[in-house]
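To start, the structure itself, in structure tokens.
4 protein chains.
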Amino acid sequence: MADSSGYMWLWDSFSEAEAHIHAVEKLVFVGQSQYQRVEIADLASYGRCLILDGEIQSHQADEFIYHEALVQPALALCPDPRRVLLIGGGEGATLREVLRHPTVEEAVMVELDPVMLEAAREYLPTFHAGAFDDPRTRIVCEDGRAYLERPGEPFDAIYLDITNPRIDSPSQLLFTREFYQTARKRLARGGWLAIQGDSCRFTGLETFPVVIRTLREVFPKVHPSIICIPSYGSDWGYAIAGDGHGADPLAVTAAEIDRRLEERGVRGLRFYDGMTHERIFRLPKHIRAAIEKEERVNTDADPIRERFPGRW
Amino acid sequence: MADSSGYMWLWDSFSEAEAHIHAVEKLVFVGQSQYQRVEIADLASYGRCLILDGEIQSHQADEFIYHEALVQPALALCPDPRRVLLIGGGEGATLREVLRHPTVEEAVMVELDPVMLEAAREYLPTFHAGAFDDPRTRIVCEDGRAYLERPGEPFDAIYLDITNPRIDSPSQLLFTREFYQTARKRLARGGWLAIQGDSCRFTGLETFPVVIRTLREVFPKVHPSIICIPSYGSDWGYAIAGDGHGADPLAVTAAEIDRRLEERGVRGLRFYDGMTHERIFRLPKHIRAAIEKEERVNTDADPIRERFPGRW
Amino acid sequence: MADSSGYMWLWDSFSEAEAHIHAVEKLVFVGQSQYQRVEIADLASYGRCLILDGEIQSHQADEFIYHEALVQPALALCPDPRRVLLIGGGEGATLREVLRHPTVEEAVMVELDPVMLEAAREYLPTFHAGAFDDPRTRIVCEDGRAYLERPGEPFDAIYLDITNPRIDSPSQLLFTREFYQTARKRLARGGWLAIQGDSCRFTGLETFPVVIRTLREVFPKVHPSIICIPSYGSDWGYAIAGDGHGADPLAVTAAEIDRRLEERGVRGLRFYDGMTHERIFRLPKHIRAAIEKEERVNTDADPIRERFPGRW
Amino acid sequence: MADSSGYMWLWDSFSEAEAHIHAVEKLVFVGQSQYQRVEIADLASYGRCLILDGEIQSHQADEFIYHEALVQPALALCPDPRRVLLIGGGEGATLREVLRHPTVEEAVMVELDPVMLEAAREYLPTFHAGAFDDPRTRIVCEDGRAYLERPGEPFDAIYLDITNPRIDSPSQLLFTREFYQTARKRLARGGWLAIQGDSCRFTGLETFPVVIRTLREVFPKVHPSIICIPSYGSDWGYAIAGDGHGADPLAVTAAEIDRRLEERGVRGLRFYDGMTHERIFRLPKHIRAAIEKEERVNTDADPIRERFPGRW
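Protein chains in written order, with our numbering: chain V, 171 to 482; chain Z, 171 to 482; chain G, 171 to 482; chain D, 171 to 482.
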């Protein structure tokens with residue numbers, strides 16, 4: 171009885187009063203792991219996408235923006251990144267971005283869910299692009315916090331590519347002060363922790379300032395960045411945090427970034443280069459203001475988990 | 171990023187300007203057969219449902235209305251139904267309804283698609299309720315028209331439980347005068363052809379009158395009936411057509427229907443009984459008027475296949 | 171930025187998990203009275219519609235079904251209806267239906283809201299069709315319950331054409347046992363109270379059985395009827411209730427109804443006639459079952475006002 | 171019958187497969203002028219908004235981003251802006267931004283539609299903030315192109331704040347090479363033409379590159395900028411174009427912009443300042459690439475007017 175086009179719609183609800191919706195062309199995979207429901211669908215608007223417990227993770231058409239924005243700045247700022255840790259990022263695209271840097275000798279990806287990994291390997295080939303089989307890759311199926319809490323060799327960069335801190339989300343405790351303290355101990359001198367920090371929509375700008383405020387409790391230097399992700403329908407927040415021995419991203423010029431990428435032999439970037447670098451760390455005034463006035467620190471005892479009303 | 175409730179919606183479009191939409195709780199099965207895409211989902215509103223090529227077929231919560239309305243009148247009117255043919259009806263619920271009648275000795279179900287049958291057997295247990303394994307059941311994987319065109323023993327009732335005649339739908343040629351002529355030859359004296367005849371919505375009342383008009387070209391007696399199917403969001407049309415040797419459904423009283431069902435030992439009906447019987451064959455005036463003024467006969471040469479505008 | 175077609179949609183939510191949606195072609199009127207927000211819009215699917223406090227009331231394309239089903243049975247059953255009372259029905263279409271009967275000498279319409287009446291007069295001409303100016307019409311701007319509680323001449327028929335009993339709806343107290351007792355006192359011998367009784371959707375069949383049960387506390391004879399209203403996307407419930415001196419609608423034949431309408435000179439009906447009459451009072455088995463098992467009586471002290479979950 | 175929340179939704183369709191939707195709280199104004207349909211509504215998500223012929227124009231909550239991004243860079247780059255021309259911008263917010271600069275002695279606003287202006291004055295007070303009554307304001311009700319084609323005194327800045335160039339939009343001919351040539355002739359030496367340039371969504375990045383390419387046919391210097399507008403659900407494109415005697419926005423530092431705004435006494439900016447200035451003119455790599463490869467020049471003879479498919 172349904173129309174031949176658009177009989178099923180993915181509903182990316184920003185609030186009870188606002189949503190970004192996408193016609194589904196085809197359901198590709200439906201699975202239930204021990205940890206979550208894993209679905210993969212083809213959208214008319216943005217191609218193949220991954221959905222975890224009903225949360226859209228990333229879209230084929232513009233995941234390059236999301237993943238380059240998460241990965242590239244920290245590695246470009248790092249003079250000689252060799253050991254990299256990834257927590258989450260089951261699609262394999264964060265790993266793909268890390269492996270673009272020929273200096274990287276080992277990329278450890280800690281992903282809890284083997285069902286997620288198998289589905290990605292089979293159905294998300296443009297996301298991982300073979301990264302799971304790179305000889306520098308080591309995949310560990312384990313809880314990321316448990317992994318980090320054990321002592322071990324330091325990393326030049328640690329990436330947290332995890333779902334947002336919502337009610338019932340297991341990632342609640344991966345956005346807290348305590349967890350950031352744990353992560354800091356595993357960073358090499360001058361290394362960076364890089365995270366995604368939720369939406370920067372006008373009607374959703376609650377989590378990102380708290381994340382930045384919390385990072386600043388733990389790290390001497392915290393640099394937020396934001397970029398619009400079309401398939402998310404909004405600006406998205408990121409941050410890199412360091413011990414003060416790394417370079418200041420606002421002081422590194424476009425020319426210097428372009429030179430480093432060229433010298434290091436990084437190939438295939440579509441979003442990130444020197445001018446993009448200059449853009450993303452320069453936040454608009456109203457977002458800087460929202461960050462500056464934020465007072466809430468996110469802790470294990472009282473983590474962000476609420477759904478915000480999303481009304482102006 | 172999606173809200174925890176309702177991240178995926180099934181969109182039952184009535185036209186470009188009207189739709190009935192349902193929150194999907196869970197996708198249960200996704201498959202692609204040689205003939206069609208088969209999907210099974212759980213809806214918050216109506217439970218499990220079957221979707222073929224993006225067309226919602228039936229819903230767990232109220233399929234009893236759809237299937238009893240299709241099956242029961244013809245069998246109740248038939249004094250001693252023994253051999254029954256079903257074309258389509260892959261969920262197994264039409265078969266289930268036929269088998270409620272202890273007089274039935276053989277129910278032949280002709281369903282083209284083995285993938286559909288396997289999915290129904292596994293994921294639609296409340297629909298078939300074991301009917302596939304009844305010793306009276308015989309399942310034939312074949313095109314229904316091809317099956318009927320071969321000579322064979324006559325049937326007391328023939329059911330067409332097929333998708334609507336839309337563009338690109340293979341069922342286009344199962345609503346034509348020529349096909350009804352073929353079906354008539356396989357009916358026993360006094361037997362009934364029973365069909366579903368598409369929506370009777372105000373903004374979708376184009377197909378049903380044509381179906382009735384076409385049946386009347388072939389059969390001496392044609393009795394339309396309609397009933398509201400909640401999950402379809404509208405009245406739905408049916409018809410039984412016979413050679414003139416069967417009873418007139420408008421003349422058979424509620425008491426007589428109740429007596430027959432009781433005597434025959436038909437159990438488990440939730441929708442159909444004597445009073446329901448009296449209701450469904452009495453059409454509202456405006457629908458009778460739409461039928462009476464219809465002049466189009468549906469033929470193999472020019473079958474209904476258009477999508478109607480759905481504007482009043 | 172919106173598409174040229176369908177930039178605004180009316181969302182008739184059945185529950186959090188189900189809705190019937192309509193593209194709005196044009197907003198015609200926006201007003202705020204002392205009592206409610208009054209809006210009138212043109213829908214692509216069903217033409218002009220009235221919306222009160224965000225609740226769609228009726229649609230140009232199929233309001234004839236709603237209003238004939240509400241009005242005609244009680245007047246057809248009444249041998250000689252002369253005085254009729256209407257509470258609500260601001261569009262004027264209930265009044266229009268009453269005035270079709272040449273026997274009617276006086277039709278008193280009690281409508282609280284003069285803004286509603288003015289908007290209807292100006293923007294809903296096909297609904298009232300001049301009924302406001304009929305010399306038999308008397309319009310009283312007053313609360314319907316207050317009007318009925320005062321003593322006065324009895325009526326041959328009393329119609330309650332009011333919004334559904336929801337949270338914050340003023341019509342909550344027009345569905346209770348106490349109000350029905352008040353109405354009964356104002357009925358002439360053999361007269362009928364006729365009401366609309368909310369949706370009979372599978373996922374919304376909570377109010378109608380309570381309404382019928384409550385009427386049965388007060389009236390010796392209560393006859394429910396239902397019919398599918400396409401623009402509502404569902405079956406709709408009605409009832410007539412009387413003192414036992416009126417005819418039994420199930421015993422009056424189609425031929426008798428047609429004869430009465432003809433003799434009385436009732437013209438212009440599109441939905442109601444003898445066969446329609448026979449249909450609407452014969453309820454499907456599952457709806458009769460839901461009514462029979464209902465135990466809740468609606469009272470002033472604890473009126474129905476909840477929103478039901480709408481999940482099967 | 172509708173739910174109490176969200177019975178009406180504004181549907182900002184990006185394509186047939188993607189939309190950004192908003193719950194409407196209240197309709198505030200409905201009018202039809204000689205030129206267009208003018209509607210004003212309150213959205214739960216972004217407050218009051220203006221809708222012209224079904225196209226959402228701007229939202230109370232974040233129009234400050236849209237309007238500051240359009241207006242402020244050109245005025246900040248201009249050493250001493252005195253005479254400013256605005257074409258379109260009926261809400262009055264573009265005018266409000268211009269008048270923040272105390273150097274401005276005359277702001278001429280050319281707006282075709284007096285109904286639009288009256289509605290804005292009455293119902294959009296936070297948008298115009300009294301700007302219509304500023305003694306420096308002169309409002310001309312006329313077609314913008316006709317106005318510019320007549321000779322007259324040159325302007326230090328000309329703003330085109332007009333609807334997107336769609337099918338049937340009168341603004342089609344305000345995005346062409348010929349119109350830009352006309353505008354150039356009315357600019358003072360070192361002055362800027364500043365325009366909005368449509369969406370920069372991934373699935374909607376067709377118009378903006380053509381606009382930039384077309385400006386480059388006419389102006390020696392063209393500087394695109396983009397910023398995410400939350401209520402539009404996407405990055406939005408702008409450009410300033412000049413004769414080569416103005417400053418290069420990429421060479422003017424944040425500190426210099428902040429100093430000028432301070433010295434000039436510009437007050438009340440929430441979005442624009444020095445760092446924001448540095449952000450918006452630095453485009454991400456993939457958008458620069460899309461601009462560079464564009465070859466189409468928009469002309470009066472063959473203006474952009476198509477709706478693009480919006481599929482990746």
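Positions of the beta carbon are idealized from the N, C-alpha and C atoms, including for glycine. From a predicted model like this one, the values you see are computed outputs, not experimental measurements.
Counting along the chain, D/D428 sits inside the alpha helix (DSSP H) bounded by residues 424–434. Taking a contact as a CB-CB distance under 8 Å, the pair V/H229 and V/L265 does not count as one, their CB atoms being some 18 Å apart.
In the three-state reduction of the DSSP assignment, D/I474 falls in the coil class. Residue environment: Z/H271 is assigned as buried (16 or more neighbouring CB atoms within 10 Å of its CB, all protein chains considered). Counting only Cβ-Cβ distances below 7 Å, Z/I382 has no contacts in chain G at all, with the closest Cβ about 16 Å away. Looking at the DSSP output, V/D331 shares a beta bridge with V/G258. Looking only at Z/T273, Z/E275, Z/A290, Z/V274, the smallest Cα-Cα distance to Z/E281 is reached by Z/A290. Taken through DSSP and simplified to helix, strand or coil, D/D250 comes out as coil.
Going by DSSP, Z/E281 is part of no beta strand (DSSP E) at all; its letter is neither H nor E. If you look at Z/Q366, you'll find it isn't in any alpha helix (DSSP H); it sits in the beta strand (DSSP E) that goes 357–369. Contact annotation: the stretch 395–415 of chain G touches the stretch 395–415 of chain Z, with at least three C-beta pairs closer than 8 Å. For D/Y317, there is no enclosing beta strand (DSSP E); the residue is found in the alpha helix (DSSP H) stretching over 314–319. Chain-order list of chain D residues neighbouring V/Y329: empty, with the shortest C-beta distance near 20 Å, by a criterion of under 7 Å. The C-beta of V/R252 comes no closer than 7 Å to any C-beta of chain D. With contacts defined by Cβ atoms closer than 7 Å, V/W181 and Z/Y177 form a contacting pair.
In this structure the stretch 233–245 of chain D touches the stretch 349–365 of chain D; the number of beta carbon pairs closer than 8 Å is three or more. For V/L385, no pairing in a beta bridge is given by DSSP. In the DSSP assignment, Z/A409 is bridged to Z/I365, Z/P394. Not a single CB atom of chain D sits nearer than 7 Å to the CB of V/I474. For Z/G403, the nearest beta carbon of chain G is closer than 7 Å to its own beta carbon. For the set V/A425, V/F325, V/G374, V/A193, the Cα lying nearest the Cα of V/R252 is the one of V/F325.
Taking C-alpha positions only, V/Q227 is separated from G/T384 by approximately 52 Å. Taking a contact as a CB-CB distance under 8 Å, the pair V/E276 and V/R306 counts as one, their CB atoms being some 6 Å apart. Counting the other Cβ atoms within 10 Å of the Cβ of G/G300 gives fewer than 16, which makes it exposed.
Shown here for Z/Y293: same chain residues with a beta carbon closer than 7 Å to its own, the five before and five after excluded, namely V198, F199, I210 in chain order. Between the stretch 446–456 of chain V and the stretch 448–456 of chain D there are three or more inter-stretch CB-CB distances shorter than 8 Å, so the stretches are counted as touching.
Exclusion of the five residues before and after V/E323 leaves R253 as the residues of its chain whose Cβ lies within less than 7 Å of its Cβ. Relative to the Cα of D/I457, the nearest Cα in the group V/D212, V/F234, V/D223 belongs to V/F234. A Cβ-Cβ distance of about 7 Å is found for the pair V/S203 and V/M286, placing them in contact under the 8 Å criterion. With contacts defined by Cβ atoms closer than 7 Å, D/E464 and D/V380 form a contacting pair. Nearest CB-CB separation between Z/R434 and chain G: not below the 7 Å threshold.
For the options V/I461, V/P295, V/N468, V/S339, the alpha carbon positioned closest to that of V/H393 is the one of V/I461. In chain D, no part has a C-beta under 7 Å from the C-beta of G/L375; the shortest such distance is about 14 Å. In this structure Z/I332 does not touch Z/R356 by the C-beta definition: roughly 16 Å separates them, more than the 8 Å allowed. Around the beta-carbon of D/P473, 16 or more other beta-carbon atoms lie within 10 Å, marking it buried. Ranked by how close their Cα comes to the Cα of G/G201, the residues G/S183, G/I221, G/S185, G/A214 have G/I221 in first place.
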